[in-house]
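In our numbering, the protein residues as written are 43 to 613.
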C-alpha cells in the first residue's frame, strides 16, 4: 500500500497525465487577466482583499502580478529575495538512525533530484508564494527503468486556484477552479503545493501582497501626480479676458486659444478680448513628490527584504556597518524562506519518490530535503584565537572545531594538506629577512678557556650549559646573560651601571605599580577567555592611576642619561 505524507492511502499516478488537462478546467487556460493594478484605488483594493478573505483569491493574485509588472523597484526586491535561495547548497538527509537500506535509498534520491532539469527554476517557482501566499507546481510522472520519476515539473498560473471554504472562513486547502464554489481538490502526488507564511494568519493573508498594497498605491498615485506636475512646471499662468456680453461661442474660442498658447506658443483671439500671462507660483518644486516616492520604495524594501540598505543607499546614513547589520536581517528572512520551501519539497517531492519506488516505506522514516544554512566561520579569526585559548589552558574538542570550520575529518589513506618549509615565513625557517643567506660553513668550535686551548679538548654541551647556569645563578638579581657567560669562563665582569640601575628600578617599580596591577590580577582571576580579559582591560584602563609609574620612568631616564654622560667622560 502506498501512503501519502499524512499516512493516507493513495494510488499510483497515471503516467503522462496531468490534472490541468481535464476538460472541466480547460476554460482557465483561455481566461483573460483584468489587471486591477492599472486602475488601483484604496476602495478597489479593499474590495479585492475582502473577496480573498472568502477564499476567492483571483483578483488578489492579479493585483500582485500587476504590482511586480508596474513597479520596477518592487520587482527588483522580490527578485532578490527569491533568487537568494539559489545560492544555498542543498542535500537530502536520511532519517535518524538510518538503516543501510535507508542510507542507500537516500543516496539514490539525491541523484534523482539532482538530475531534474532546471531544478533551480522549481525553487524560484515555489518562492513565488512569498508574494501570493501560495504557489503550485504540477508533476508529470513517467516510468523509467522500473521506477516512477518526474518527467516535468510545471509552474501553474496562480489565477487557476482558489481556497476551500469552511465555516465561513478560507481553509488552507488549495483547490483548482472549475467554476463551482468549492473547486476541485488536487490529486495526491500530482502537485507541489507550497503555502508560504510571510506572516501569520489565514492562508489567503499569508503573502506580502496585502502589506505591499499601501506603499504601491501611494507611489502609483504620486507618480501620476508628478507626471501632471511636470507637464505644467515652469509655464506661466494664462488668463483670458472677454467682454461682459461675449457669447458662449466666443468664450469657448477664447478658452481654446488659451490652451493652445500653452503648447503651441501661438494663437489668435478677437480684438475685443485679451490674454494675460502671470509668473508661475514659486514652491518647493518636486521635493514633495520625491519624498513620497522615496518613502514608498523604502517601505517596500522593509517589507520584502527586512531592511533598506540592501536595496538602496542615500549617501548619508548608508555606512558599511549598517549595511552588515541590515544584511543579517535579510539572512533571517532567507533562512525562514528556505526552511518553509524545504518542508514542501520533502512532503510533495521527496516522499512521493520514496513511496513510489521503495516498497514498505514509512512516512515517519521519510528522507528530508535540507538547505545548508550554516554560515562559514572566519578562518583568520579562528586561527588566531584557538592557539591562544589552547595555550591558556582551555581544552577545545577537535570535533567541535571541525564542525565550526566545516573541515571534515580525513578518511583513511586520504591525502591531507601539510605545511612545507616554503610556506613558512623567513623567521620560521631560521633565515631572518635582514640576514643574507650565504654558503654554509662548518662552524669551528671555539675553546671556552685558555685551558681548553692548551689541551685542545672541547667541553661537552651539557657541561658548558651547566657552568653558564650556575654562573648566572650567582649573579645578583637583574644580571645580564653576557655577565653569566663571562663568569662561566672564569672572568670577572666589570661593574655595569645599567645593571645596577635596572636592579634598583625593579625594586622601586613594585610599589609604583601595585595600585595598577591589583585590579588587573583580580580581573584575570575571574575571566574565562582572552576576549573577556581584553574587554575588561579596556574598561579598567580609564580608572588606572599611572602617576607613580610615570614619575619612576622619568627619574630612571634622567639617571640613565647622567650615567651615560659620566661613563663617556671617563673614556
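All C-beta atoms in this analysis are idealised placements derived from N, C-alpha and C, irrespective of residue type, glycine included. Here the structure is a predicted model, which is why all the values come from computation and not from measurement.
- Item | Sheet register partners of residue 205 (DSSP bridge) | Position 163 of the chain shown, counting from 1, holds the residue named residue 205. Looking at the DSSP assignment, residue 205 forms a beta bridge with 216.
- If we call anything under 8 Å between Cβ atoms a contact, is residue 103 one with residue 201? Against the chain shown, residue 103 aligns to sequence position 61. Against the chain shown, residue 201 aligns to sequence position 159. In this structure, residue 103 lies near residue 201, with their beta-carbon atoms less than 8 Å apart.
- Using the beta-carbon count (16 or more within 10 Å), is residue 148 buried or exposed? On the chain shown, residue 148 is found 106 positions in, with the first residue counted as 1. Its Cβ being crowded by 16 or more others within 10 Å, residue 148 is buried.
- Task: Report the rounded CA-to-CA distance for residue 437 versus residue 138, giving the unit in angstroms.
- Result: Counting from one through the chain shown, the residue named residue 437 turns up at place 395. Counting from one through the chain shown, the residue named residue 138 turns up at place 96. Looking at the two C-alpha atoms, the distance is approximately 30 Å.
- Message: Is the separation between the beta-carbon of residue 128 and that of residue 414 shorter than 8 Å?
- Response: Stepping through the chain shown from its first residue, residue 128 is reached at position 86. Stepping through the chain shown from its first residue, residue 414 is reached at position 372. Not in contact: residue 128 and residue 414 (Cβ atoms no closer than 8 Å).
- Query: Would you say the stretch 237-248 touches the stretch 69-89, given that touching needs at least three Cβ pairs under 8 Å?
  - Reply: no
- Considering only C-alpha positions, which residue in the set 95, 258 and 233 is nearest to residue 80? Reading the chain shown from its first residue, position 38 is the one you call residue 80. If we check each option's Cα against that of residue 80, 258 comes out closest.
- Between residue 405 and residue 393, what straight-line distance do the alpha-carbon atoms span, to the nearest angstrom? Locating residue 405 in the chain shown gives position 363, where the first residue counts as 1. Locating residue 393 in the chain shown gives position 351, where the first residue counts as 1. Answer to the nearest angstrom: the Cα atoms are 7 Å apart.
- Message: Determine whether the beta carbon atoms of residue 332 and residue 261 lie at a separation below 8 Å.
- Response: Looking up residue 332 in the chain shown gives position 290. Looking up residue 261 in the chain shown gives position 219. Contact flag unset, no.
- Item | Reduced DSSP secondary structure (H/G/I, E/B, other) of residue 413 | By one-based count along the chain shown, residue 413 stands at place 371. If DSSP states are grouped into helix, strand and coil, residue 413 belongs with the strands.
- So, helix, strand or coil for residue 589, using DSSP? Position 547 of the chain shown, counted from the start, is the residue given in the question as residue 589. Note: residue 589 maps to helix in three-state DSSP.
- Message: Do residue 550 and residue 594 have their beta-carbon atoms positioned less than 8 Å apart in this structure?
- Response: Position 552 of the chain shown, counted from the start, is the residue given in the question as residue 594. Position 508 of the chain shown, counted from the start, is the residue given in the question as residue 550. Yes.
- Item | 8 Å Cβ shell around residue 547 - same chain, five flanking residues per side excluded | The sequence position of residue 547 within the chain shown is 505, counting from 1. Contacts found: 594 and 598.
- Does the distance from the CB of residue 443 to the CB of residue 428 come in under 8 Å? Counted from its first residue, the chain shown places residue 443 at position 401. Counted from its first residue, the chain shown places residue 428 at position 386. A contact, by the Cβ cut-off of 8 Å.
- Using the rule of at least 16 other Cβ atoms within 10 Å of the residue's Cβ for burial, across every protein chain shown, is residue 115 buried or exposed? Translated into the one-based positions of the chain shown, residue 115 becomes position 73. A residue is called buried when at least 16 other Cβ atoms come within 10 angstroms of its Cβ; residue 115 meets this threshold and is buried.
- Query: DSSP puts residue 186 in a beta bridge; with which residues?
  - Reply: Mapped onto the chain shown, residue 186 falls at position 144. According to DSSP, residue 186 bridges with 189.
- Message: For residue 569, which residues in the same chain have their Cβ closer than 7 Å to its Cβ, ignoring the five residues on either side in sequence?
- Response: Within the chain shown, numbered from 1, the residue matching residue 569 stands at position 527. Hits under 7 Å: 575 and 578.
- Task: Take the Cβ of residue 396 as the centre, count every other Cβ of all protein chains shown within 10 Å, and call the residue buried at 16 or more, exposed below.
- Result: Taking the chain shown and counting its residues from 1, one reaches residue 396 at position 354. Buried is the call here.
- Query: Would you call residue 251 buried or exposed, if buried means 16 or more other Cβ atoms sit within 10 Å of its Cβ?
  - Reply: The residue labelled residue 251 in the question sits at position 209 within the chain shown. It counts as buried.
- Item | Helix, strand or coil at residue 43 [DSSP, three-state] | One-based indexing of the chain shown puts residue 43 at position 1. Reduced to three states, the DSSP call for residue 43 is coil.
- Message: Relative to the C-alpha of residue 223, which candidate in 213, 448 and 207 has its C-alpha closest?
- Response: As a first step, residue 223 must be located in the chain shown, where it is residue number 181. Checked all of 213, 448 and 207; the closest Cα to residue 223 is 207.
- Query: Is residue 155 buried or exposed, if buried means 16 or more other CB atoms sit within 10 Å of its CB?
  - Reply: What you label residue 155 is simply residue 113 of the chain shown in a count that begins at 1. Counting C-beta atoms within 10 angstroms of its own C-beta, residue 155 has 16 or more neighbours from the protein chains shown and is therefore classed as buried.
- Can you grab the Cα-Cα spacing for the pair residue 60 / residue 445, in whole Å? What you label residue 60 is simply residue 18 of the chain shown in a count that begins at 1. What you label residue 445 is simply residue 403 of the chain shown in a count that begins at 1. Each residue's Cα considered, the two are about 45 Å apart.
- Item | Limits of the alpha helix (DSSP H) - the one that residue 102 falls within | As a working note, residue 102 is residue 60 in the chain shown. Its alpha helix (DSSP H) spans residues 100-112.
- Tell me residue 22's beta-bridge partners as DSSP assigns them. This structure gives no information on residue 22, because the portion of the chain shown stretches from 43 to 613.
- Query: Can you tell which of 390, 74, 384 and 152 has its C-alpha closest to the C-alpha of residue 45?
  - Reply: Here residue 45 is taken as the residue at index 3 of the chain shown, counted from 1. The shortest C-alpha separation from residue 45 is found at 390.
- Just the Cα atoms here: how many angstroms apart are residue 196 and residue 140? The sequence position of residue 196 within the chain shown is 154, counting from 1. The sequence position of residue 140 within the chain shown is 98, counting from 1. In a straight line, the C-alpha of residue 196 is about 33 Å away from that of residue 140.
- Message: Do residue 180 and residue 198 count as a contact pair if the criterion is CB distance below 8 Å?
- Response: Along the chain shown, one-based indexing puts residue 198 at 156. Along the chain shown, one-based indexing puts residue 180 at 138. The Cβ-Cβ distance between residue 198 and residue 180 falls below 8 Å.
- Message: What residue range does the beta strand (DSSP E) around residue 235 cover?
- Response: Along the chain shown, one-based indexing puts residue 235 at 193. 233-237 is the extent of the beta strand (DSSP E) around residue 235.
- Message: Pull the bridge partners of residue 135 from the DSSP assignment, please.
- Response: The residue you call residue 135 lines up with position 93 of the chain shown. According to DSSP, residue 135 bridges with 410.
- Message: Just to check my reading of the structure: residue 123 and residue 172 have Cβ atoms closer than 8 Å, yes? What is that Cβ distance to the nearest angstrom?
- Response: Translated into positions along the chain shown, residue 123 becomes position 81. Translated into positions along the chain shown, residue 172 becomes position 130. Their Cβ separation, rounded to whole angstroms, is 6 Å, which keeps residue 123 and residue 172 in contact under 8 Å.
- With C-beta atoms as the reference, is residue 284 less than 8 Å away from residue 296? Here residue 284 corresponds to residue number 242 of the chain shown, with the count starting at 1. Here residue 296 corresponds to residue number 254 of the chain shown, with the count starting at 1. Yes. Within cutoff.
- Item | Proximity of residue 119 and residue 334 at Cβ, strictly below 8 Å | As a working note, residue 119 is residue 77 in the chain shown. As a working note, residue 334 is residue 292 in the chain shown. Result no, Cβ atoms of residue 119 and residue 334 do not sit closer than 8 Å.
- Query: Start and end of the alpha helix (DSSP H) containing residue 83?
  - Reply: Residue numbering aside, residue 83 sits at position 41 when the chain shown is read from its first letter. Per DSSP, residue 83 belongs to no alpha helix (DSSP H) and is neither H nor E.
- My understanding is that residue 94 touches residue 246, with C-beta atoms under 8 Å, so please give their C-beta distance in whole angstroms. One-based indexing of the chain shown puts residue 94 at position 52. One-based indexing of the chain shown puts residue 246 at position 204. About 5 Å separates the two Cβ atoms, so the contact holds.
- Query: Out of curiosity, what's the CA-to-CA distance linking residue 167 and residue 117?
  - Reply: Along the chain shown, read from residue 1 onward, the residue named residue 167 stands at position 125. Along the chain shown, read from residue 1 onward, the residue named residue 117 stands at position 75. Whole-angstrom Cα-Cα distance: 15 Å.
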